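J.:
Chains as they are written, first to last, in our numbering: chain X, 1 to 887; chain V, 1 to 109.
#1: What does DSSP give as the partner residues of residue 194 of chain X in its beta bridges?
#2: Does DSSP put residue 224 of chain X in a helix, a strand or coil?
#3: On the DSSP letters alone, give me the boundaries of the beta strand (DSSP E) that residue 347 of chain X sits inside.
#4: Does residue 570 of chain X come out as helix, strand or coil in the three-state DSSP assignment?
#5: What residues of chain X sit near residue 63 of chain V, judged by a beta carbon separation below 8 angstroms?
#6: Below 8 angstroms, how does it come out for the stretch 279-291 of chain X and the stretch 135-145 of chain X: are there three or more Cβ pairs, yes or no?
#7: Taking beta-carbon pairs under 9 angstroms, can you tell me which members of the stretch 69-83 of chain V lie near chain X?
#8: Within the same chain, show all residues whose beta-carbon is closer than 7 angstroms to that of residue 63 of chain X, passing over the 5 residues directly before and after it, in chain order.
#9: When the cut-off is 8 angstroms and only beta carbons count, does residue 72 of chain X lie next to chain V?
#10: In this structure, does DSSP put residue 160 of chain X in helix, strand or coil?
#11: Would you check if the stretch 605-620 of chain X and the stretch 699-711 of chain X touch, i.e. whether three or more CB-CB distances between them fall below 8 angstroms?
#12: Find the residues of chain V that neighbour residue 28 of chain X, judging by a C-beta separation of less than 9 angstroms, and give them in chain order.
#13: Please report whether the beta-carbon of residue 945 of chain X lies at a distance below 8 angstroms from any beta-carbon of chain V.
#14: Using a C-beta cutoff of 8 angstroms, does residue 66 of chain X count as contacting chain V?
#15: Give the range of the beta strand (DSSP E) segment to which residue 589 of chain X is assigned.
#16: Give a yes or no on whether the minimum CB-CB distance between residue 15 of chain X and chain V is below 8 angstroms.
#17: At the 8 angstroms Cβ level, is residue 483 of chain X part of the contact set with chain V, yes or no?
#18: Could you give the uninterrupted runs of the alpha helix (DSSP H) lying entirely in the stretch 202-251 of chain X, keeping only those of 4 residues or more?
#19: Leaving aside the five residues before and after residue 808 of chain X along the sequence, list all residues of the same chain whose C-beta is less than 7 angstroms from its C-beta, in chain order.
#20: Using 8 angstroms for Cβ pairs, my map puts residue 518 of chain X next to residue 841 of chain X. What's the rounded Cβ distance?
#21: Short check: CB of residue 459 of chain X to CB of residue 578 of chain X, under 8 angstroms?
#22: Which residues in chain V sit within 9 angstroms of residue 888 of chain X, going by Cβ to Cβ distance?
#23: Which term fits residue 84 of chain V, buried or exposed, when burial requires 16 or more other beta carbons within 10 angstroms of its beta carbon?
#24: Helix, strand or coil for residue 298 of chain X, going by three-state DSSP, please let me know.
#25: Quick one: Cα of residue 625 of chain X to Cα of residue 678 of chain X, how far?
#26: Rounded to the nearest angstrom, what separates residue 486 of chain X and residue 805 of chain X at their Cα positions?
#27: Nearest to residue 338 of chain X by alpha carbon, out of X:761, X:247, X:150 and X:106?
#28: Return helix, strand or coil for residue 450 of chain X, following the three-state DSSP convention.
#29: Using a Cβ-Cβ distance under 8 angstroms, would residue 351 of chain X count as near chain V?
#30: I'd like to know if the stretch 360-372 of chain X and the stretch 845-853 of chain X are in contact, where contact means that at least 3 CB-CB pairs between them fall below 8 angstroms.
#31: As a quick exercise: from X:673, X:716, X:220 and X:264, pick the residue whose alpha carbon is nearest that of residue 241 of chain X.
#32: So which residues of chain V does residue 58 of chain X contact, with C-beta pairs closer than 9 angstroms?
#33: Figure out for me which residue from X:680, X:33 and X:646 has the closest Cα to the Cα of residue 660 of chain X.
#34: Kindly say whether residue 36 of chain V, judged by its beta-carbon, lies nearer than 8 angstroms to any beta-carbon of chain X.
#35: Counting only C-beta atoms, is residue 100 of chain V closer than 8 angstroms to chain A at any point?
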């Protein structure tokens with residue numbers, strides 16, 4: 001515990017430093033004057049008196065320094081001086097300073113942004129109670145080929161798991177759902193996304209309602225009293241945050257439903273588009289609620305203390321196998337797999353985020369190496385000064401510290417600027433990343449600041465330490481011994497710089513290759529052949545309410561009148577109806593058997609996507625007919641037992657044999673029927689990022705309410721398709737004024753939507769790689785210019801002795817390109833590693849595409865040659881007389 | 001001329017503290033005082049007094065005050081603080097223990 005006098009001194013020295021400096025000056029002068037006057041009094045003449053006084057006193061400047069060194073805060077003082085010195089040196093070459101600061105700002109800013117996102121999305125726990133104890137349960141088909149093996153759960157399976165196993169504390173289920181919301185008088189209808197959640201879901205997650213209550217177990221039954229929980233955003237938007245809505249009714253799909261509560265603002269699981277929640281069981285019919293072969297639910301379970309996840313999952317899995325055996329003829333999974341809920345939420349973005357983080361770290365490393373390289377070049381110019389100071393007793397630590405200050409200044413300025421940059425860009429990134437889960441939790445906090453600070457320290461060390469150590473090392477003294485004409489003196493330094501350059505090039509090639517692969521894959525996606533017309537096509541969805549449209553005739557009447565009206569619109573060259581347009585998602589699939597083929601065993605199910613389409617759909621969308629015929633006006637109402645199948649269907653299930661006349665047996669609403677195959681059409685993709693899938697088309701003119709009341713009208717136009725959007729909408733409301741339409745998109749927009757996140761990642765990595773390429777070019781140019789300046793005497797002598805200038809050009813070029821070639825070779829190895837890392841982000845593109853890698857290496861070599869040619873050319877133009885005289 | 005290192009390590013602090021224990025003095029007077037009292041045996045380079053003086057001041061053992069000196073000029077007068085007085089006692093005790101020990105060793109040898 002320091003005494004109060006000491007504390008007082010510390011405070012005084014902190015704030016009164018300049019004053020103390022002046023006082024010290026006075027104090028020493030007083031002493032000297034006192035001594036001089038004493039000497040004069042003892043009989044010396046003034047001059048002798050002064051020099052005698054100086055002799056007994058010693059060097060006042062030295063004393064002043066020694067005194068200052070005893071002062072409190074001396075280290076701060078030193079730091080201040082170093083900083084002042086560093087700023088002054090930097091300002092002497094402002095170009096270098098600005099470029100370095102900008103480069104570091106970019107690197108640190110981008111890395112901080114990505115870190116912020118990775119932290120928010122991947123690392124921060126989910127906002128649920130004890131979220132680390134939550135796992136998701138999935139069904140797993142042993143024979144399943146597609147996807148990652150995690151399949152949605154059937155409601156019957158879930159109910160058995162919950163009632164018959166005890167390994168988990170509780171198991172809850174939810175499913176995505178849709179619906180038309182309107183007021184009690186059917187006013188303001190809108191189509192929204194909703195979800196069904198079992199009564200125990202919210203307690204399991206630890207969600208309490210802001211107003212009202214959660215679901216009761218008694219309400220979680222099919223055909224129970226209809227109730228709904230509103231999400232906060234829907235409550236705010238539609239009901240202006242008025243809590244009196246609780247207890248009142250709204251219409252969901254025209255059914256009067258009681259609002260029982262409002263969910264909190266933070267609860268936006270599984271995503272923010274969900275507008276309301278219904279009891280899980282109420283999203284099923286009584287019949288469907290018990291089925292084991294309809295998979296659509298997500299199941300979340302809470303781990304029981306003392307029971308391992310593996311053991312609890314095994315128990316559920318054992319039960320599932322019994323269910324599977326009991327339903328041998330149906331598609332019922334054998335096993336149950338589990339994974340932590342957080343992994344489940346981020347599964348699609350984990351790799352892209354980590355890849356982006358890796359690429360910005362690469363870029364930052366390159367930036368560091370570059371600054372480091374430039375600092376080495378600058379320190380080369382000051383070698384003699386440093387050597388002299390070292391020889392005169394300047395401590396090596398002090399010299400290193402002084403040089404480090406420079407890189408520290410660059411990195412601190414860059415870091416500050418970078419942090420500002422990242423504040424701006426993080427938000428932009430999170431907002432523009434389509435379907436980024438938990439995007440709303442991305443924000444800058446203390447941890448991010450700490451990270452940025454750490455980054456600044458690390459980069460300053462990296463960029464500054466190497467040049468500082470190398471330039472103050474023992475051999476620095478040799479700078480004094482070297483005659484001005486020596487030429488090989490700094491070979492070691494040149495080697496250091498070449499090594500750094502090699503590393504830089506290797507990183508750049510790796511980054512370039514990764515960017516090239518991603519971009520290549522993105523371009524492939526964008527140019528992927530959907531199998532149908534994509535230009536001048538407008539699509540628009542609507543869903544007829546089944547209460548009013550409850551017979552085949554009513555639905556058919558609507559569909560036919562709509563088609564007739566739309567086809568008459570000016571600018572429309574064709575219109576058709578289909579349940580789901582190409583590239584708009586998988587929507588529904590169904591299992592089936594083929595009468596003319598042996599029945600499949602339980603483990604190899606026949607399954608195909610199901611679509612309903614009208615006779616003109618195939619011609620409007622230009623989907624080629626391969627065999628047989630498409631639907632006609634005759635396949636309507638009850639004459640509906642005909643289907644058209646896709647090429648993939650024929651290849652997969654009929655071994656490519658003629659499908660015409662064969663019969664497919666499939667159940668729709670538990671009513672199993674036989675359908676005759678009348679035609680085969682070419683494949684279309686339901687998602688450009690996914691492989692083609694077998695498809696069955698049923699006639700939409702059957703008008704069967706639950707199969708055909710949800711439809712997409714596709715319109716081929718001769719004008720801008722978006723301009724037709726409003727007229728088509730008007731035709732729909734002319735037929736049914738309260739029918740909302742949604743997803744009015746052109747095919748191009750649908751494609752954009754599905755490829756947006758791939759394009760986003762590809763563009764970002766490409767931007768990072770481009771920056772790195774530029775940096776590598778600058779670095780290369782810097783190193784080579786330095787080498788040429790250093791060797792100008794040697795070159796001059798060579799030229800004076802008769803070396804031809806092209807020869808000089810060649811020597812310098814080779815010298816510069818050697819590290820490039822080494823680096824490129826290392827980079828190709830790095831590219832292989834990067835390729836395997838990003839494999840899951842490449843759609844149909846090989847991670848080791850030699851063309852892409854070669855192209856990128858070529859790109860780098862070209863940049864390298866350009867960067868090398870200028871200094872090499874300058875070397876070949878050296879005027880020997882001038883160069884030798886200037887030495 | 002003796003250097004500070006000729007003095008036994010740390011004794012300069014003791015000498016300074018002792019020199020100003022009776023009345024405040026400025027640096028030159030402290031140097032003079034140390035020389036006079038020690039009968040000119042302890043010669044110190046006057047400049048080296050100041051780092052020690054300032055170190056003691058930073059420790060809070062000495063407090064400086066600017067006042068008019070004998071010649072009418074402003075001078076910095078150093079005096080002991082309360083904790084400085086404590087420090088002086090401690091160092092003096094240390095010193096006598098040390099010098100006694102050395103005396104014994106020298107006498108025995």
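For every residue, glycine included, the Cβ atom is placed at its ideal position computed from N, Cα and C.
Values in this document were obtained by computation on a predicted structure and should not be read as measured data.
T.: So, from the listed chains and residues:
#1: X:177 and X:276
#2: coil
#3: Looking at the DSSP string, residue 347 of chain X is not in any beta strand (DSSP E), and its letter there is neither H nor E.
#4: coil
#5: 5
#6: no
#7: 69, 71, 73, 74, 75, 76, 81, 82 and 83
#8: 28
#9: yes
#10: helix
#11: yes
#12: 27, 47 and 50
#13: No statement about residue 945 of chain X is possible, as the shown extent of chain X runs from 1 to 887 and does not include it.
#14: yes
#15: 589-594
#16: no
#17: In this predicted model, residue 483 of chain X has a pLDDT of only 46, less than 50, meaning its place in the structure is not dependable; the value taken from the coordinates is given anyway. No, residue 483 of chain X does not count as interfacial toward chain V.
#18: 232-239
#19: 795, 798, 799, 875 and 876
#20: 6 angstroms
#21: no
#22: Residue 888 of chain X is absent from the structure shown; chain X starts at 1 and stops at 887.
#23: buried
#24: strand
#25: 11 angstroms
#26: Residue placement at residue 486 of chain X cannot be trusted, given a pLDDT of 47 that sits under 50; the coordinates are not used to answer.
#27: X:150
#28: helix
#29: no
#30: no
#31: X:264
#32: 45, 46, 47 and 48
#33: X:680
#34: no
#35: Structure shown: chain A not included; protein chains present are X and V.
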